[in-house]
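>
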Ligand code: ADP
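In the working numbering, the protein residues as written are 8 to 296.
#1: Please report the residue range of the alpha helix (DSSP H) in which residue 209 lies.
#2: Looking at the strands, I want to know which residues DSSP matches up with residue 251.
#3: Any heavy atom of the ligand ADP inside 6 Å of the beta-carbon of residue 252?
#4: Helix, strand or coil for residue 106? Go by DSSP, reduced to three states.
#5: Just to confirm, does residue 196 get its C-beta within under 6 Å of one of the non-hydrogen atoms of the ligand ADP?
#6: Around the Cβ of residue 261, are there at least 16 other Cβ atoms within 10 angstroms (buried) or fewer (exposed)?
#7: So what's residue 2 in DSSP terms, helix, strand or just coil?
#8: Does the separation of the CB atoms of residue 179 and residue 85 fall below 7 Å?
#9: Would you call the region 165-176 in contact with the region 48-68, where contact means no fewer than 3 C-beta pairs closer than 8 Å?
#10: To which residues of the same chain is residue 128 closer than 6 Å at the C-beta, ignoring the five residues directly before and after it?
#11: From the DSSP secondary-structure annotation, give me the bridge partner or partners of residue 74.
#12: Measure the C-alpha to C-alpha separation of residue 248 and residue 215 and round it to an integer number of angstroms.
#13: Which two residues bound the contiguous alpha helix (DSSP H) that contains residue 141?
#14: Please look up how many angstroms separate the CB atoms of residue 46 and residue 182, rounded, as I've assumed it's under 8 Å.
#15: To the nearest angstrom, how far is it from the Cα of residue 200 to the Cα of residue 151?
#16: Under the assumption that residue 139 contacts residue 172 (Cβ atoms under 8 Å), give the Cβ distance between them as a whole number of angstroms.
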């Protein structure tokens with residue numbers, strides 16, 4: 008009797024690719040909710056909001072990942088005093104994020120790119136696309152209640168690639184300021200999310216009103232409330248307003264999350280109010296069945 012040597016149904020490369028896809032699918036199912044923090048333009052406080060939301064959620068005993076994917080200006084490392092940090096390693100699921108505290112892990116382009124001056128050379132064309140994919144899909148987050156993604160501002164190619172590659176169950180949180188011109192950009196962001204089929208979880212109005220450094224009271228300024236009106240008009244949830252607080256600039260420069268530095272303040276109250284409906288997306292682990 009002769010035995011024919013049977014050709015394997017799949018090549019080694021195909022098997023490796025399948026294996027990678029399975030690992031990837033498994034990693035992504037371990038992330039319960041992803042919130043893409045978007046803004047129509049830069050400078051509205053998107054990164055500040057992303058960092059403080061992530062820290063506040065982690066302080067509420069949720070497992071949180073913070074992904075800084077703002078390729079041209081990663082600011083999360085500075086806001087958390089993690090400049091110079093490097094990822095602890097890479098395993099078969101991908102890059103291991105930097106641990107900030109018991110409930111918060113952080114990943115930033117800055118943790119893998121050593122020479123910042125090569126930025127323009129490194130992030131070009133297909134390589135940029137591949138790097139973005141790696142940052143979305145090949146990070147070993149473990150079990151997360153929330154992945155908070157600090158995306159690049161605007162509605163151009165980069166946020167587009169990122170949102171197209173976003174994990175399942177991703178929703179957008181749009182950060183804006185109250186001025187009319189910013190609200191025009193929010194409408195653009197809403198159209199952008201619609202075209203991608205990404206649900207908008209809600210809108211945050213940052214720099215709305217002013218916390219007086221002398222008396223601690225919040226004063227409403229002429230322009231406040233535009234984000235709320237827009238949310239009402241468009242039917243999206245208004246998550247809340249964050250006042251202009253001069254101490255927020257100081258804590259940001261010092262790399263300390265405001266909500267941890269000033270737990271009793273109108274600004275932290277504003278963040279706490281905003282995270283209410285977000286926490287409802289994922290009840291505390293002990294209470295789950
Ligand atoms: P973006 O990510 O949208 O470009 P940043 O988060 O980098 O914006 O914020 C831009 C600047 O505004 C930073 O100096 C930050 O400290 C400041 N900032 C953001 N939000 C507030 C706020 N509510 N009160 C005072 N300063 C703020």
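C-beta: ideal position from N, C-alpha, C; glycine also.
In short, the structure shows the following:
#1: It is not in any alpha helix (DSSP H) - residue 209 instead sits in the beta strand (DSSP E) that spans 207-218.
#2: 217
#3: yes
#4: strand
#5: no
#6: exposed
#7: One cannot answer for residue 2 here, as it falls past the ends of the chain, which runs 8 to 296.
#8: no
#9: no
#10: Since pLDDT at residue 128 reaches only 47, below the 50 mark, its modelled position is unreliable, and the value read off the structure follows with that caveat. Cβ neighbours of residue 128 beyond the five flanking positions: none.
#11: 114, 156
#12: 6 Å
#13: 132-144
#14: 5 Å
#15: 23 Å
#16: 6 Å
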